[in-house]
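Asks:
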Amino acid sequence: MTVSIALPTGALMGGALELLSRSGLMTVSAEELGRQLLVERSDLRAILVRPADVPAYVDHGAADLGIAGKDILWESPGSHYELADLCFGACRLVLAVPDGSLFNGPETWPPLLRIATKYPKTTTAWFEARGQAVEVVQLHGSVELAPQVGLVDGIVDLTATGRTLRENGLRIAGVLGASTARLIANQASLKTRTGPVQAVVSRLREAAGG
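Residue numbers for the sequence shown follow the numbering used here, so the first one is 1 and each next one is one higher.
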């Protein structure tokens with residue numbers, strides 16, 4: 001019985017393919033994939049999708065399993081089960097402000113902050129939990145530009161090293177959370193196809209070191 005897994009393109013794809021290789025489930029390189037979006041080896045089918053789309057494929061049953069960054073799951077809680085931290089793709093979701101900004105901790109924030117981000121749900125919830133009014137400007141491109149042209153007071157974005165922030169005259173003023181790649185599963189698949197799905201999950205857990 002074939003088990004399908006949704007894999008993210010982009011930054012996490014290399015780690016996901018390496019994990020599949022270590023698990024012995026599938027060995028395929030990014031170069032071999034080329035523009036293929038569907039690859040099948042033995043009893044495993046890999047579906048390559050945009051990172052933000054992984055939860056949708058799993059929630060609606062197009063994939064039994066999926067690999068997604070925790071940052072994506074914050075924005076798309078959905079109906080899937082989160083099964084394991086796969087321990088790659090580590091980064092932080094941070095609040096960053098211009099180097100010359102006076103904004104540091106909550107005591108320095110104005111009555112209303114304007115923040116640009118690709119993560120509106122997570123950003124809004126984080127500020128609301130601290131009693132801070134926030135106007136979220138959702139952007140889809142590089143958010144680092146927004147403070148430089150006066151669109152916003154700061155940004156909330158992912159960073160692994162902070163280099164891009166520094167290169168754009170920004171400094172970290174808060175950390176909203178830490179993100180790594182996670183293994184998620186469709187609820188129905190776990191109940192109706194328990195054996196084959198759990199066999200794949202076990203091998204991925206072992207390959208991830210836990």
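Note that the Cβ used here is the ideal one computed from N, Cα and C, for glycine as well.
To which residues does DSSP link D99 through a beta bridge?
Replies: DSSP, once it has assigned bridges, lists no residue as partnering D99.
Asks: Taking 8 Å as the limit between beta carbons, can you name the residues of its chain near D153, skipping five residues before and five after?
Replies: V97, S101, F103, P110, L113, R114, I115, P147
Asks: If we count the other Cβ atoms within 10 Å of its Cβ and call it buried at 16 or more, is S226 buried or exposed?
Replies: Limits of the chain in this structure are 1 at one end and 210 at the other, which puts residue 226 out of reach.
Asks: Under three-state DSSP, which class holds R171?
Replies: strand
Asks: How is the alpha helix (DSSP H) around T194 delimited, first residue to last?
Replies: Looking at the DSSP string, the run of the alpha helix (DSSP H) that includes T194 is 194 to 208.
Asks: For A133, which of G141, T123, H140, P196 has the nearest alpha-carbon?
Replies: T123
Asks: Rounded to whole angstroms, how far is the Cβ of H80 from the Cβ of I184, which I believe are closer than 8 Å?
Replies: 4 Å
Asks: With a threshold of 8 Å on Cβ separation, who are the neighbours of D99 within its own chain once the five nearest residues in sequence on each side are excluded?
Replies: G169, L170, R171
Asks: Just how far apart, CA to CA, sit E75 and A56?
Replies: 12 Å
Asks: Cutting at 8 Å between CB atoms, please list the residues of its own chain near R50, excluding the five before and the five after it.
Replies: Around R50: P8, T9, G10.
Asks: Would you kindly work out how many angstroms separate the C-alpha atoms of G78 and I72, rounded to a whole number?
Replies: Within the model, the alpha-carbon separation for G78 versus I72 is close to 11 Å.
Asks: Beta-carbon separation of R205 and K70 under 7 Å?
Replies: With contacts defined as CB atoms closer than 7 Å, R205 and K70 fail to qualify as a contacting pair.
Asks: Relative to the C-alpha of L190, which candidate in T27, L65, G14 has its C-alpha closest?
Replies: Comparing alpha-carbon positions, the option among T27, L65, G14 lying closest to L190 turns out to be L65.
Asks: In terms of residues, what are the limits of the beta strand (DSSP E) holding R182?
Replies: 181 to 185
Asks: Have a look at the DSSP bridge pairing and note the partners of S226.
Replies: Outside the shown range of the chain (1 to 210) lies residue 226, about which nothing can therefore be said.
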